[in-house]
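Residue numbering for the sequence shown follows the working numbering, beginning at 5 and increasing consecutively.
Ideal Cβ placement from N, Cα and C applies to all residues, glycine included.
Just so you know, these numbers come straight off a predicted model, no measurement behind them.
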Amino acid sequence: MKLVWFRNDIRVADNPALFKACQDAGDKGVVAVALLCPTQWCQHDEAPVRVQFWMANLRALHHELAALNIPLKVLRAETFSDVPGQLLALAEQIQCDGLYLNREYCLNENLRDQQVVEQFHQVSIPVYGLHGDVVMAPGEILNGQGNPFRVFTPFSKAWRREYLARGPVPLPAPSPQPSSSLTASLTVDEVPAAIDYPIYSESQWSEALWPSGTQAAHQRLQHFVAEKVLSYGANRDMPAIAGTSTLSPYLSCGVLSPRQCLAALASVSEHIDWLDSQWATEIIWREFYRHLMMHFPAMNRWEPFKPDVEARIRWLDDDRLFDAWCHGETGYPIVDAGMKQLLATGWMHNRVRMIVASFLTKLLRQDWRRGAQFFMQHLIDGDFASNLGGWQWSASVGADAAPYFRIFNPMRQAERFDPQGDYVARWLPELTALEGMQRHDPVAASTLGRPLPIIDYAQARAMSLADYQRSA
Ligand SMILES: Cc1cc2nc3c(=O)[nH]c(=O)nc-3n(C[C@H](O)[C@H](O)[C@H](O)COP(=O)(O)OP(=O)(O)OC[C@H]3O[C@@H](n4cnc5c(N)ncnc54)[C@H](O)[C@@H]3O)c2cc1C
Numbered sequence: 005m006k007l008v009w010f011r012n013d014i015r016v017a018d019n020p021a022l023f024k025a026c027q028d029a030g031d032k033g034v035v036a037v038a039l040l041c042p043t044q045w046c047q048h049d050e051a052p053v054r055v056q057f058w059m060a061n062l063r064a065l066h067h068e069l070a071a072l073n074i075p076l077k078v079l080r081a082e083t084f085s086d087v088p089g090q091l092l093a094l095a096e097q098i099q100c101d102g103l104y105l106n107r108e109y110c111l112n113e114n115l116r117d118q119q120v121v122e123q124f125h126q127v128s129i130p131v132y133g134l135h136g137d138v139v140m141a142p143g144e145i146l147n148g149q150g151n152p153f154r155v156f157t158p159f160s161k162a163w164r165r166e167y168l169a170r171g172p173v174p175l176p177a178p179s180p181q182p183s184s185s186l187t188a189s190l191t192v193d194e195v196p197a198a199i200d201y202p203i204y205s206e207s208q209w210s211e212a213l214w215p216s217g218t219q220a221a222h223q224r225l226q227h228f229v230a231e232k233v234l235s236y237g238a239n240r241d242m243p244a245i246a247g248t249s250t251l252s253p254y255l256s257c258g259v260l261s262p263r264q265c266l267a268a269l270a271s272v273s274e275h276i277d278w279l280d281s282q283w284a285t286e287i288i289w290r291e292f293y294r295h296l297m298m299h300f301p302a303m304n305r306w307e308p309f310k311p312d313v314e315a316r317i318r319w320l321d322d323d324r325l326f327d328a329w330c331h332g333e334t335g336y337p338i339v340d341a342g343m344k345q346l347l348a349t350g351w352m353h354n355r356v357r358m359i360v361a362s363f364l365t366k367l368l369r370q371d372w373r374r375g376a377q378f379f380m381q382h383l384i385d386g387d388f389a390s391n392l393g394g395w396q397w398s399a400s401v402g403a404d405a406a407p408y409f410r411i412f413n414p415m416r417q418a419e420r421f422d423p424q425g426d427y428v429a430r431w432l433p434e435l436t437a438l439e440g441m442q443r444h445d446p447v448a449a450s451t452l453g454r455p456l457p458i459i460d461y462a463q464a465r466a467m468s469l470a471d472y473q474r475s476a
């Protein structure tokens with residue numbers, strides 16, 4: 005019997021671990037397992053909205069697996085250290101002779117997997133680690149000297165060359181497995197409707213906003229490719245326009261794979277140079293950050309990629325400023341609208357993520373780790389590698405990060421990316437009484453009940469610049 009362990013790869017198609025397990029199983033049968041690890045998830049700041057979404061997708065997977073004659077077992081292991089024992093007990097119960105998983109690239113997940121491999125090897129059960137979360141696995145894209153890239157553009161060029169050389173094609177879903185007496189005798193576990201989970205967050209998962217299941221994910225992908233991808237370059241920075249794919253929650257839980265996204269993008273190849281398109285570039289950023297986590301393990305411990313830059317900065321550690329930011333009460337409408345969008349939906353537009361992150365780190369001068377942790381606790385697409393990458397980029401302490409003197413002026417950003425004020429009026433409806441750029445004016449907004457700005461932009465910018473220019 006083969007055992008497939010599902011983590012953030014909740015799909016049956018283009019799932020290398022599932023595919024190989026089914027190939028290797030012959031007529032012996034395949035069993036699937038997922039582990040609920042609420043205490044560990046809390047330690048990793050996983051947002052309740054993301055946990056709810058993950059579980060909803062697991063319920064959908066349960067049905068898809070049943071149609072393939074693959075029973076799903078759902079186990080509970082409080083922390084990662086309980087995982088090997090739980091898996092081994094199941095493996096023994098089903099007379100497992102092979103465990104299959106898709107690799108994860110962050111440190112704690114890697115250590116957990118190494119412990120599983122060691123314990124399974126002790127009882128002579130082989131473990132097969134495949135690559136389903138990325139198109140190119142860490143270690144496959146290296147520079148001429150065989151070292152990891154530290155800068156994105158050369159990484160992306162090498163990545164694209166490798167893609168063309170390999171022409172990766174998504175795997176199909178496996179065929180239904182033959183029924184065996186053992187699989188038939190196993191009790192199939194129901195995925196619980198809810199789980200006790202102590203992190204508090206206003207954002208709750210909504211099926212209407214983020215429908216679960218691979219069918220919904222593929223519909224979203226097809227709609228994006230058919231209707232939006234050609235204007236993605238022009239619209240992707242305008243938060244009032246639904247111009248991006250909103251596929252990040254599906255990629256984060258692995259309901260979709262990056263290979264499937266690129267294959268769908270390739271279907272519009274007569275209209276655009278799809279592999280060089282901006283949307284493909286975003287998928288490659290996602291891979292870049294995963295590679296960095298594997299090659300530079302210190303990042304997993306929340307260390308900056310550029311410690312020399314961080315050494316110059318004196319973070320203020322001011323709870324009043326931080327709380328105002330968290331609740332969208334800074335008095336800068338574009339910042340506050342972004343935070344309200346996050347609290348209401350569990351998602352925020354990328355341009356606005358950059359604006360609020362720059363605001364927190366460079367104007368409020370709060371440690372980027374505080375912002376990153378708050379994001380993880382609220383994002384439905386919370387993803388350690390991409391989130392850390394985004395925050396370190398914003399604070400100018402990351403690989404290929406924004407230069408330290410690039411400090412977003414919220415008013416200038418608003419002028420460029422939300423000139424009609426439609427985005428801010430959606431999330432701060434009291435501002436609909438104003439028009440256009442007036443909606444971004446903190447003083448005009450304050451007459452409608454919005455708070456006055458908690459900092460003066462020019463002053464805060466000057467202090468921040470002085471910090472970054474200090475020698476360590
Ligand atoms: C401070 C900050 C924190 C972030 N935290 C996360 C996070 O926790 N999880 C997350 O998935 N993304 C994160 N991002 C990246 C980006 O904001 C989101 O991936 C994007 O907004 C998701 O929307 P979309 O699916 O419509 O993206 P699209 O524009 O349609 O892009 C397609 C896919 O490419 C990937 N992608 C796009 N931009 C980036 C990027 N800059 N870095 C890495 N991958 C990218 C995502 O998987 C996305 O779904 C963060 C960015 C910043 C600046």
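Of the listed residues GLY440, LEU456, GLU439, MET441, nearest to VAL447 (C-alpha basis):
With distances taken between Cα atoms, VAL447 lies closest to LEU456.
So, using beta-carbon positions, are LEU79 and LEU39 closer together than 8 Å?
A contact, by the Cβ cut-off of 8 Å.
Tell me, please, which residues DSSP counts as bridged to PRO152.
DSSP, once it has assigned bridges, lists LEU146 as partnering PRO152.
For the beta strand (DSSP E) that ASN106 lies in, which residues bound it at each end?
Counting along the chain, the beta strand (DSSP E) containing ASN106 begins and ends at 103–106.
GLU50 Cβ short of 7 Å to ligand 1 heavy atom set
Result no, Cβ not under 7 Å from ligand 1.
Any non-hydrogen atom of ligand 1 within 7 Å of THR191 CB:
No, the beta carbon of THR191 sits no closer than 7 Å to any heavy atom of ligand 1.
Would you mind giving the Cβ-Cβ distance between PRO174 and ASP426, rounded to the nearest angstrom? I have them listed as a contact below 8 Å.
The C-beta separation of PRO174 from ASP426 comes to about 37 Å, leaving the pair out of contact by the 8 Å criterion.
On a Cα-Cα basis, can you pick out the residue from ALA268, THR218, ALA405, LEU255 that is closest to PRO311?
Residue ALA405 is the option with its Cα nearest to PRO311.
Of the residues GLN181, ALA221, TRP289, ARG164, which one's Cα is nearest the Cα of ASP31?
Per the Cα distances, GLN181.
With respect to 7 Å, is the separation between the Cβ of ILE287 and the closest non-hydrogen atom of ligand 1 below this value?
Answer for ILE287: yes, Cβ within range of ligand 1.
Which two residues bound the contiguous alpha helix (DSSP H) that contains GLY342?
Its alpha helix (DSSP H) spans residues 337–349.
Looking at THR36: is its Cβ nearer than 8 Å to the Cβ of ILE74?
A quick correction: the sequence has Ala, not Thr, at residue 36. Taking 8 Å as the cut-off, the beta carbon of ALA36 is found closer than this to the beta carbon of ILE74.
With DSSP run on the structure shown, which of helix, strand or coil describes GLY133?
Three-state result, GLY133: strand.
For ILE459 and LYS232, I'd like the C-alpha separation in whole angstroms.
Taking the straight line from one Cα to the other gives about 38 Å.
Any heavy atom of ligand 1 closer than 7 Å to the beta-carbon of HIS222?
False, no ligand heavy atom lies under 7 Å from that Cβ.
Between GLN283 and ligand 1, is the CB less than 7 Å from at least one heavy atom?
One detail in the question is off: residue 283 reads as Trp in this sequence, not Gln. Flag set: Cβ of TRP283 near ligand 1.
Using DSSP's beta-bridge definition, name the partner residues of VAL37.
Partner residues in the beta bridge of VAL37, as assigned by DSSP, are TRP9, LYS77.
Validate contact between the segment 274–286 and the segment 120–138 using beta carbons, cut 8 Å, 3 pairs:
The segment 274–286, when compared against the segment 120–138, does not touch it at the 8 Å Cβ threshold.
Mind pulling the alpha helix (DSSP H) runs of 4 or more residues that sit fully within the segment 376–419?
Listed in chain order, the complete alpha helix (DSSP H) runs (minimum 4 residues) inside the segment 376–419 are 388–398.
If you measure from the CB of HIS353, is any heavy atom of ligand 1 nearer than 7 Å?
Under cutoff, so the answer is yes.
Cβ pair count under 8 Å reaching 3, the segment 82–101 against the segment 60–67:
No, because fewer than three Cβ pairs between the segment 82–101 and the segment 60–67 fall closer than 8 Å, the two stretches do not touch.
Say yes only if the C-beta of ALA544 is nearer than 7 Å to one or more non-hydrogen atoms of ligand 1, and no if none qualify.
Lying before the first or after the last residue shown, residue 544 is absent from the chain, which here runs from 5 to 476.
For LEU452, which three-state DSSP category applies?
Three-state DSSP puts LEU452 in coil, outside helix and strand.
Which residue spans inside the segment 277–331 form an unbroken alpha helix (DSSP H) run of at least 4?
With a minimum length of 4 residues, the continuous alpha helix (DSSP H) runs that stay inside the segment 277–331 are 282–299, 311–314, 323–330.
Please work out which residues of its chain come closer than 7 Å, Cβ to Cβ, to ALA477, disregarding the five sequence neighbours upstream and downstream, and give them in chain order.
Since the first residue shown for the chain is 5 and the last is 476, residue 477 is missing from the structure and cannot be characterised.
Could you tell me if the beta carbon of THR248 falls within a distance shorter than 7 Å of some heavy atom in ligand 1?
At a cut-off of 7 Å, the beta-carbon of THR248 counts as near ligand 1: some heavy atom of the ligand is closer than that.
Taking ARG224 and LEU251 to be in contact with their CB atoms under 8 Å, please state how far apart those CB atoms are, rounded to whole angstroms.
At roughly 6 Å, the Cβ-Cβ gap stays under 8 Å, so ARG224 and LEU251 are in contact.
Closer than 7 Å: is that where the CB of TYR461 sits relative to any heavy atom of ligand 1?
For TYR461, the distance from the CB to the nearest heavy atom of ligand 1 is not below 7 Å.
I'd like to know whether the C-beta atoms of LEU347 and GLU206 end up nearer to each other than 8 Å.
Yes, they are a contact pair.
Would GLY335 pass as a contact of ARG454 if the rule is Cβ separation under 8 Å?
Taking 8 Å as the Cβ cut-off, GLY335 and ARG454 qualify as a contacting pair.
Does the beta-carbon distance from VAL339 to PRO414 come in below 8 Å?
Closer than 8 Å, so yes.
Can you say whether GLU4 is buried or exposed, counting buried as having 16 or more other CB atoms within 10 angstroms of its CB?
A query on residue 4 cannot be resolved here, the shown segment of the chain reaching from 5 to 476 and no further.
Can you tell me where the alpha helix (DSSP H) with ASN61 in it begins and where it stops?
ASN61: member of the alpha helix (DSSP H) spanning 52–71, first to last residue.
Within this structure, are the beta carbons of THR365 and SER398 separated by less than 8 Å?
In this structure, SER398 lies closer than 8 Å to THR365 by Cβ.
Coil, strand or helix - ARG15 by DSSP
It is coil, neither helix nor strand.
Return the CA-CA distance between LEU72 and PHE292, expressed in angstroms with no decimal places.
One alpha carbon belongs to LEU72, the other to PHE292, and they sit about 34 Å apart.
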